[in-house]
Each structure stands twice: as C-alpha cells, then as structure tokens.
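The structure appears below as structure tokens.
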Amino acid sequence: MLLRDPVHGLIAFKSEVESVVPRLLDCREVQRLRRIRALGLASLAYPGGEHSRFAHAIGSAHVMRRYLDRVATLAEDVPPHDRIDDEHAMIALAAALLHDLGHGPYSHTFEAVIPGMPRHELWTSRILLDPDTEVHRALAAIDPTMPAKVDRLIHGESEIRHLARAVSGTFDVDRCDYLLRDSYMTGVRYGTLDLDWLLASLRLYVPEGQSAAYLAVDGEKGLTAVESFFLARLYMYRQVYLHKAVRSAEVILRALVRRLCELGPQPGTPPAMEKLLRGETLTTGEYLDMDDRTLETALYDYCGSKDSVLAGLAARLRHRRLFKSLRLRPEADSKTVQSRLDAVLAAADVGPAYLGVVDRVEQDVYRDDAALVVISSSGRREQLIDVSPVLRGLSRERIVQHRAIFPPEIRSEVRAALADFR
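Going by my numbering, the sequence shown opens with residue 402, and the numbers climb by one from there.
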C-alpha cells in the first residue's frame, strides 16, 4: 500500500508484517474515523484544522513503522527477549493504527461535555474486544489472541517494555504524529518537531541488575530534538488546544447538552445521544453510529427548536457566534469570580446561569521521566532534566489558562464586575 500524506510525504506499508494496516483500514470502525475531526471544535479558530482521526491513525502507524525500523538496527544492544519479532511488530502497527478507535464526535470534546461519559480509551477496548465488530474479526482472522494483545499494547502493557513506551510513553508515536499534523494543518509552524533526528538519536539500554531494555537518547545528537518536542507541545497547547475560541465553543456545547437534559427528548436528537443523556449504557454498535455528522445534523434540527435557549445555543455553534472571554489572573479565586458572573447573568436575564462559566485549565509542560535517559559518548547515563537546562526550566512551568466565558450581550457588565480579577 502506498499513500500520499501532507505531513509525512509518501507512506508505504509493503511487507507481509505491514500488511496488517491495509487489512484493517477498510473495517467499518476504522473508516468511521474519517468522520471525526482530530481537533474537535478547533476549526472554529483555525480553518485548516479540519483533518480527521483517520489521517492521524495512518500517520501514527507510519511513525510506528519507522520506530520498528530504527530499533531493528539496535537489536544487538538488547537481550533476545526484547527484540521485536514479526508478531510483536504486527501487533505494534495495529495498536498504532487503532489507538483512537473509541473517540466520539468532536474527539475529546464529546467526552468532556457528556455527563458520565466513559473515556475514549474504554470505548477503544470495547470495540476491539467485541466479536461483532469488523476490526475484531479482522484481527482474530490473523490470530484469535490478537484483539486482546493489541488492546493491551494500546494501554501500555507489553512484555517488551520499550515497545509499550513507543505506544504510550513520553514521546510515543501518537504524540509525534499529532503534533506534526496539528501544527501543519492549523498553520502554527512553531509546533513542529524534528522527527527524523529524534528517531535517529534513539538508543536502547539495559539498566544494571535488570533484564528489560529501556529507551534512551543519544546525548550528543538527540538532546535538541527532545527539547524541540516538548517546546512544540507547549506551543500547541498555548496556541491551539487551549485557544479561547475553542474553549468558548466547548462551553456552548456543554450548555446545550445541559439544556437537553433539562428539556427531555427533543426532535432531531440521535437515539444513542438520548440514551447517553438518560444515563443509560450504549451498545458498541449504538456508540459507533455517532460521529461529527450525526451531531451536526442534530444542531441543524435544534436551530428550529421551540425552546429559545436550545435554538440559540445550536445557532451559535452552527454559525460561529461564540461567547466572549475575559482573561483572569491565575491566582483569582474561581468561586468568587463565578459568583459575580452569576449575579450579572441573573440581572441581565439573558438565559440560564450556566451560560456564564469560569474556565480554568492547568497543564504540566514537562514531567521528568525517570525511565528515559540520555547516554553520553562515554556511555554515561543521566536523566534528561539533569543535562537539559531547557527541560529543567520547563519542569517548573505550568500552562494556566484562567478565563470567564459568557454571552456577548453582557460583555460590558462582566468587564465591570470582574475588573479586580483581571
């Protein structure tokens, strides 16, 4: 199989082991990822950010293939039981391709706004292990134990430790693809990283007294590439993932879901969505029936609702009439701010109190990973944080976004009420 990709160029899956990827691509559950945006509502801020989970899945499998090629050249550095044979390589490629199988409409946004919604990782497991899914049958046709093995690896469980880290670790194949892809598609150029050099600088080593091989980085060649990875992640969170328009859209969607819960069944609500709002458990098939287009069709119907609040919220999302936001000091007390915001909303009588929200997000920039070390030319092993002033500085930083988000009709009143928190 040969594919053209805007991020990685030519992507090829040619060998017998790599044939697992084209075998899985035509499965209904994988094709569904074409209809789920990787960045959820971020295209409201970045018009180019319309790429799908499907493209990201292929990109992740491609990065995994390159990782497998790299560690194959390091086989002499590790004991035989830590070398990746054909079976483990096939499982790894499948895990990279299928790791996001359980995402719902608008990706992470969906599980954030639906009360009690199981995380997408759980849905991924359910889909893989459900004997009625096409992807389960495709894997089981190769080996009856493969669905469970792929599921374990997606969750970071494998007898080959460094392979588990490549799927779920500090800079795993998922992150390497989505940072490059999200940066390219949104046009945020400083979100890029040097994947070629990062892969070329990877090493494997066995700590004294242990039998498992661990990932390491060549200190002379790879340190800058590792630093660029974490800086890219920082910039993407600041500029894209936590963009004020994205957070505003999520607040509107959360308010819309809450209004649906208050009103009960509404015309246009997908059956699976109705069950979720009632707190009922979905079957795998019901969950898979939902994608971005399902929700967009529902929004179209809600725009004609007799309930003015529901119709107004749906129209805001559909026509990008977003709420306004006001940046708050990081140390501002959220409860006090919310109380003042509630008072403004009540006085203005523009709708329910939950239309005004204090939105606070905190994210670590870098957490030291004791399992990932730097190896110098002399063979000395050190922690990343000990050899990189950049990462040492990032480890002391946290991304803090603190905002009040509210309907534009009360902008002047909110600015006045929250003046001492800005």
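From the three backbone atoms N, C-alpha and C, an ideal C-beta is built for every residue, glycine too. For clarity, every value in this text was computed on a predicted model and none was experimentally measured.
If we ignore side chains and look at the alpha-carbon of each, how far apart do ARG438 and ALA456 end up? Their Cα atoms are separated by approximately 10 Å.
What is the DSSP secondary structure of SER444, counted as helix, strand or coil? Here SER444 carries a helix assignment [DSSP, helix/strand/coil].
In this structure, how does DSSP classify GLU783 when only helix, strand and coil are distinguished? Three-state result, GLU783: strand.
With H, G and I counted as helix, E and B as strand and the rest as coil, what does DSSP make of GLY739? The sequence given here has Gln at residue 739, not Gly. Assignment of GLN739 by DSSP, reduced to helix, strand and coil, places it in the helix class.
Going by the CB atoms, is the gap between ILE515 and LEU677 shorter than 7 Å? At the C-beta level, LEU677 and ILE515 come within 7 Å of one another.
Whose C-beta lies closer than 7 Å to the C-beta of GLU535 among residues of the same chain, with five residues either side of it excluded? Excluding positions up to five away in sequence, the list reads CYS428, ARG429 and GLU430.
Grab me the residues of ASP573's own chain with a C-beta within less than 8 Å of its C-beta, minus the 5 sequence neighbours each way, in chain order. Same-chain partners within the cutoff: ARG566 and ALA567.
Measuring only between beta-carbons, confirm whether GLN784 sits less than 7 Å from chain C. Of the chains in the structure shown, none is chain C; there is only one protein chain.
Reduced DSSP secondary structure (H/G/I, E/B, other) of SER813: Helix at SER813.
Residue environment, LYS550, which counts as buried when at least 16 other CB atoms sit within 10 Å: By the neighbour-count rule (16 or more Cβ atoms within 10 Å), LYS550 is buried.
For TYR642, report the span of its beta strand (DSSP E) as first-last. It is not in any beta strand (DSSP E) - TYR642 carries neither H nor E in the DSSP assignment.
Kindly confirm or deny that the segment 615 to 627 and the segment 591 to 599 touch, where touching means at least three C-beta pairs closer than 8 Å. Judged by Cβ distances under 8 Å, the segment 615 to 627 makes contact with the segment 591 to 599, as three or more pairs qualify.
Which residue wins for smallest C-alpha separation from ASP486, given the options LEU469, ALA495, ALA497 and ALA496? The residue with the shortest Cα to Cα distance from ASP486 is LEU469.
In terms of residues, what are the limits of the alpha helix (DSSP H) holding ASP383? The chain is shown only over 402 to 823; residue 383 falls outside these bounds and no answer can be derived.
Per DSSP, HIS803 forms a beta bridge with which residues? ARG761.
Segment contact flag, the segment 678 to 692 with the segment 760 to 769, C-beta cutoff 8 Å, min 3 pairs: In short, these stretches do not touch, since the Cβ pair count stays below three.
To the nearest angstrom, how far is it from the Cα of GLY449 to the Cα of ARG433? Approximately 21 Å, taken between the alpha carbons.
What span of residues does the beta strand (DSSP E) with SER726 cover, start to end? Where SER726 is concerned, the enclosing beta strand (DSSP E) stretches over 725 to 728.
By the three-class DSSP mapping on this structure, what secondary structure does TYR615 have? TYR615: strand per DSSP, three-state reduction.
Would you mind sorting TYR507 into buried or exposed? The rule is 16 or more other CB atoms within 10 Å of its CB. Counting the other CB atoms within 10 Å of its CB gives TYR507 a total of 16 or more, which places it among the buried residues.
Exposed or buried, which one is GLY794 when buried takes at least 16 other CB atoms within 10 Å? Burial is judged here by how many other beta carbons sit within 10 angstroms of a residue's own beta carbon; GLY794 has fewer than 16 and is exposed.
Euclidean distance between Cα positions of LEU683 and LEU530: The straight-line gap from Cα to Cα measures roughly 15 Å.
Alpha helix (DSSP H) segment containing TYR606, residue limits: Here TYR606 belongs to no alpha helix (DSSP H); instead the beta strand (DSSP E) covers 603 to 606.
Reference LEU540; option with closest CA among ALA496, GLU558 and GLY686: Ranking ALA496, GLU558 and GLY686 by Cα distance to LEU540 puts ALA496 first.
Which residues in the same chain have their Cβ closer than 6 Å to the Cβ of SER778, if we skip the five residues on either side of it in sequence? Correct list, in chain order: GLU621.
Can you list the alpha helix (DSSP H) stretches of 4 or more residues lying completely in the segment 515 to 566, in chain order? Considered as a whole, the segment 515 to 566 harbours 521 to 530, 535 to 543 and 547 to 555 as its complete alpha helix (DSSP H) runs of no fewer than 4 residues, in chain order.
Please classify GLU651 as buried or exposed, where buried requires at least 16 neighbouring CB atoms within 10 angstroms. Around the beta carbon of GLU651, 16 or more other beta carbons lie within 10 angstroms, which makes this residue buried.
Between which residues of its own chain and VAL658 is the CB-CB distance below 6 Å, once the five residues before and five after are set aside? Only VAL514 meet the Cβ criterion.
ARG438 by DSSP, collapsed to three states: which one? In the three-state reduction of the DSSP assignment, ARG438 falls in the strand class, which pools E and B.
Tell me whether the beta-carbon of ALA462 lies closer than 7 Å to the beta-carbon of LEU498. The beta carbons of ALA462 and LEU498 sit closer together than 7 Å.
Would a C-beta distance cut-off of 7 Å place SER649 and SER726 closer than the cut-off? Cβ distance < 7 Å, so SER649 and SER726 count as in contact.
Beta-carbon proximity check, GLY410 vs THR510, cutoff 7 Å: No, the pair does not count as a contact, with Cβ atoms beyond the cut-off.
Does DSSP put ALA597 in a helix, in a strand, or in coil? A small correction: the amino acid at residue 597 is Asp; Ala does not occupy that position in the sequence shown. Looking at ASP597 - three-state DSSP - the assignment turns out to be helix.
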